[in-house]
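Enquirer: There's a structure below that I have some questions on.
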Amino acid sequence: MEIKEQLYEGKAKKVFATDDPDLCVVSYKDDATAFNGKKKGTIVGKGVVNNRMSNFMFKMLEENGIHTHYVEELNDRDTVVKKVEIVPLEVIVRNRAAGSFSKKYGVPEGSDLASPILEFDYKSDPLDDPLVNNYHILALGLATQEEIDTIASMALKIDQLMIDFFKKCNVELVDFKLEFGRFHGEIVLADEISPDTCRFWDLDTHEKLDKDRFRRDMGGVEEAYAEMMKRIGLA
Ligand code: C5P
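Numbers 1 to 235, taken from UniProt numbering, label the letters of the sequence shown in order.
Right, dumping it as structure tokens:
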């Protein structure tokens, strides 16, 4: 397989075409942004952590029947993935109150939730990713009802698999964001699963082991990413 021209550069990744029309290569950067690009910085070594952790999680999920875009890790930062058409939704699952949910609904961070919350945001930088419901998604033509149903059931299954996996690492999965893509008519899990896209709290101390340390200027950002690699057995 030959790597060809750059197709896209996002906030945290670059995507390159290959000589196979069904495949592309994702290259993870150390650039960090928050609040939709309003805060910018660098987390040294983040690209390596996010690439390796995402691939590890995708493999775990594949073993449990979840189809993903993952194909092959090339090196610490670069991975071959299926060339999908991204569904323009940020699919957020919450197991405990935190972040924008706590702010919007007036629920103190760390509060228990009676059941998991599934949330869809319309992926749009100029609009700041507004919250959308099933009716918005259909009316805006972002996905079909069948796709919404598939995404919802996959997201909730992924939630349970990830809760169980991280518990064994003494980590609580507070919430996370997923993105899905269309590949030859099938919905597959795409994008990444990393400390950039998940809230990870130490099960006992509730210490934050994720990007909130960068968003909130808490310090110890690189150390938290490295700790998560240790917890899942990759360092
Ligand atoms: O900010 P908020 O509380 O809505 O974030 C919920 C979860 O989704 C967090 O784990 C966060 O890391 C993730 N997220 C993300 N990318 C975004 C928005 C949220 O990865 N653009």
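We put the beta carbon where it would ideally sit given N, CA and C, even for glycine. In this text the structure is predicted, and so the values were computed from the model without any measurement.
In terms of residue numbering, what span does the beta strand (DSSP E) encompassing D95 cover?
Expert: A small correction: the amino acid at residue 95 is Asn; Asp does not occupy that position in the sequence shown. Counting along the chain, the beta strand (DSSP E) containing N95 begins and ends at L89 to R96.
Enquirer: Taking only three categories from DSSP, how would you classify V179?
Expert: It should be pointed out that residue 179 corresponds to Glu in this sequence rather than to Val. Here E179 sits in strand by DSSP.
Enquirer: How would you label F180, buried or exposed, when you count the other beta carbons within 10 angstroms and need 16 or more for buried?
Expert: F180 comes out buried.
Enquirer: If you draw a straight line from the C-alpha of S102 to the C-alpha of R77, how long is it?
Expert: If you take the alpha carbons of S102 and R77, they lie about 34 Å apart.
Enquirer: Check whether the Cβ of D159 lies closer than 7 Å to any heavy atom of the ligand C5P, and answer yes or no.
Expert: Because no heavy atom of the ligand C5P lies under 7 Å away, the Cβ of D159 does not count as near it: no.
Enquirer: Report the rounded CA-to-CA distance for V91 versus E2, giving the unit in angstroms.
Expert: Spanning the two alpha carbons is a distance of roughly 32 Å.
Enquirer: Is the closest heavy atom of the ligand C5P to the C-beta of residue 269 under 7 Å?
Expert: With the chain represented from 1 up to 235, any question about residue 269 goes unanswered, as that position is not in the structure.
Enquirer: Find the nearest neighbour of S124 within the set N75, L118 and V132, judged by alpha-carbon distance.
Expert: Here the closest residue by C-alpha is V132.
Enquirer: Under a Cβ-count criterion, where at least 16 other Cβ atoms within 10 Å of its own Cβ denotes burial, should residue 252 be classed as buried or exposed?
Expert: Given a span of 1 to 235 for the chain in the structure shown, any question on residue 252 remains unanswerable.
Enquirer: With respect to 7 Å, is the separation between the Cβ of K11 and the closest non-hydrogen atom of the ligand C5P below this value?
Expert: Checking the Cβ of K11 against the ligand C5P gives no.
Enquirer: When every heavy atom of the ligand C5P is checked, does at least one fall within less than 7 Å of the C-beta of T197?
Expert: Result yes, Cβ under 7 Å from the ligand C5P.
Enquirer: Just to confirm, does F214 get its C-beta within under 7 Å of one of the non-hydrogen atoms of the ligand C5P?
Expert: Flag unset: Cβ of F214 not near the ligand C5P.
Enquirer: So I25 and F35 are supposed to be a Cβ contact under 8 Å. How far apart are they, rounded?
Expert: Reading the sequence as shown, one finds Val at residue 25 and not Ile. The pair is not a contact, with the Cβ atoms about 29 Å apart (cut-off 8 Å).
Enquirer: Measuring from the CB of I117, is there a heavy atom of the ligand C5P at a distance below 7 Å?
Expert: Outside the cutoff, so no.
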